[in-house]
Amino acid sequence: MSPDGKTIALVVAAGTGSRAGTGAPKQYRRIGGKALLAHALDHLRHPLIDEVRVVIGGGQEDPYRTALRDQQIPPWTPGGETRQESVRSGLEAIFAAGGAGAVLIHDAARPFLPAAVIDRLLKALEESDGAVPVLPVVDSLAHSGLSLGDPVERSSLVRVQTPQAFRFGPILEAHRSWAGASPATDDAQVARAAGLSVATVEGNQMLEKLTFAEDFERAEQRLGGGLVSRTAMGFDVHAFAVGETLWLGGVLIPHNRGLSGHSDADVALHALTDALLGTIGAGDIGQHFPPSDPQWRGAASSRFLEHAQALIEERGGRIDHVDLTIICEAPKIGPYREAIRERIAALLRLPADQVSVKATTTERLGFAGRGEGIAAQAVATVRLPEQS
Ligand code: MG
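Using my numbering, read the sequence shown as starting at -19 and increasing by one per residue.
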């Protein structure tokens, strides 16, 4: 991304949450055995996010520490009277700690953040001062009260979500100079008032704000008994060819031959992609990226894997584990095993202990044994909402 410096996520968790039907502030309410805020922090673990900070309500240090007792506690700043003041105090704290290149301002009440939304926001920051995720309005809209029934044109309206991404310097200045008569409802409003350019990117249903008691029930259902586990396998083979480079598991491996194929022929990532697609019954890699389509010539197979991961996320699923076996006589995989594991973990945004990489030979039997090519097998396990 273009702004130099760190990308910091700033989570606003300073509200009182009285509409959620509980005495406790909603960011500390537990769903699926974990505080809402803890879920939000989990979803901000992303290779492009360097640091996470939290703005908490006055006097909420104890519930904050208690809610996150099982995990590392990010640095926190006390908030203000309004959301805008809370965001500003969070931005000032970042400034005092050395500033940042970009900041993602997020609400703890939208805990289920798909990684693809973060990717889209940070990409949009290359061109704009800010970027916000939006979704179309699907329900009919009307004014309430006497004029109920008068339609409201919805084609020009969007639902605005968070996180909202900004270049750090401009959004800090925008907050410092904010003089709106009424409190700002989001940071895009503050940015636009200061004349910053704000792009929109596609949001996600998973990002809906948890506000009412029934929102929490639905989230509980999704995280608890409402999840099913699915396991699927993938298999692929590519032939060796002279003059090709050898990509295996997203890692470039020095070898006297590479694999031939339409894309970069990364047999390991292809098997893994097919396993992931299998967990959601989404066909195979060839359907999503047809070899007949010239745009995939020489393509990095990491894109295929990221696509499969995004499809799972879009269905509200999460990858539990992937297990890969590379079958060849040469090269020796051992020296590259950890690099492959780390690369796959980064692509899938998983901790390395949820990624397994193994290798075997076929005792010189068959095509792999004769050194004609490499085969790969993969198994993936995901958890999906029951209704998906
Ligand atoms: Mg293939």
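Yeah, the Cβ is synthetic: ideal placement off N, Cα and C, and Gly gets one too.
The structure presented is a predicted model; accordingly, all values stated were derived computationally and were not measured.
- In the DSSP assignment, L232 falls within the unbroken beta strand (DSSP E) covering 231 to 233.
- Excluding its 5 nearest sequence neighbours in each direction, V140 has C-beta neighbours in its own chain below 7 Å: V112, V114, D166, A168, listed in chain order.
- In this structure, DSSP gives W276 a helical state, which the three-state scheme calls helix.
- For D216, the shortest C-beta to heavy atom distance toward ligand 1 is below 7 Å.
- Around the beta carbon of S243, 16 or more other beta carbons lie within 10 angstroms, which makes this residue buried.
- The alpha-carbon of M213 is positioned some 17 Å away from that of E286.
- In its own chain, leaving out the 5 sequence neighbours on each side, no residue places its CB closer than 6 Å to the CB of R344.
- With the rule of 3 Cβ pairs closer than 8 Å, the region 289 to 307 counts as touching the region 352 to 360.
- In this structure, G241 has its beta carbon less than 7 Å from a heavy atom of ligand 1.
- Within the chosen limit of 7 Å, ligand 1 reaches the beta carbon of V247 through at least one heavy atom.
- Counting only residues of its own chain and dropping the five nearest sequence neighbours on each side, I320 has a CB closer than 6 Å to the CB of G229, V231, V337.
- The three-state secondary structure of A145, taken from DSSP, is strand.
- Each residue's CA atom was taken as its position, placing L137 and D119 some 11 Å apart.
- In this structure D87 is buried. Its beta-carbon is surrounded by 16 or more other beta-carbon atoms within 10 angstroms.
- Excluding five sequence positions before and after F75, the CB atoms of its chain that fall closer than 7 Å to its own CB belong to L152, given in chain order.
- In the three-state reduction of the DSSP assignment, I307 falls in the strand class.
- Distance from the Cα of I313 is smallest, within the candidate group T259, I233, Q267, I299, for I233.
- Closest in C-alpha terms to P91, from the list G278, L328, R202, A280, comes R202.
- Taken atom to atom, the span from the alpha-carbon of F192 to that of P143 is near 20 Å.
- Restricting attention to beta strand (DSSP E) runs no shorter than 3 residues, the region 11 to 72 encloses them at 31 to 36, 56 to 58, ordered along the chain.
- Residue environment: L256 is assigned as buried (16 or more neighbouring CB atoms within 10 Å of its CB, all protein chains considered).
- Beta-bridge annotation (DSSP): D87 is paired with V(-8).
- Taking a C-beta distance under 8 Å as the contact criterion, T57 and V35 qualify as a contact pair.
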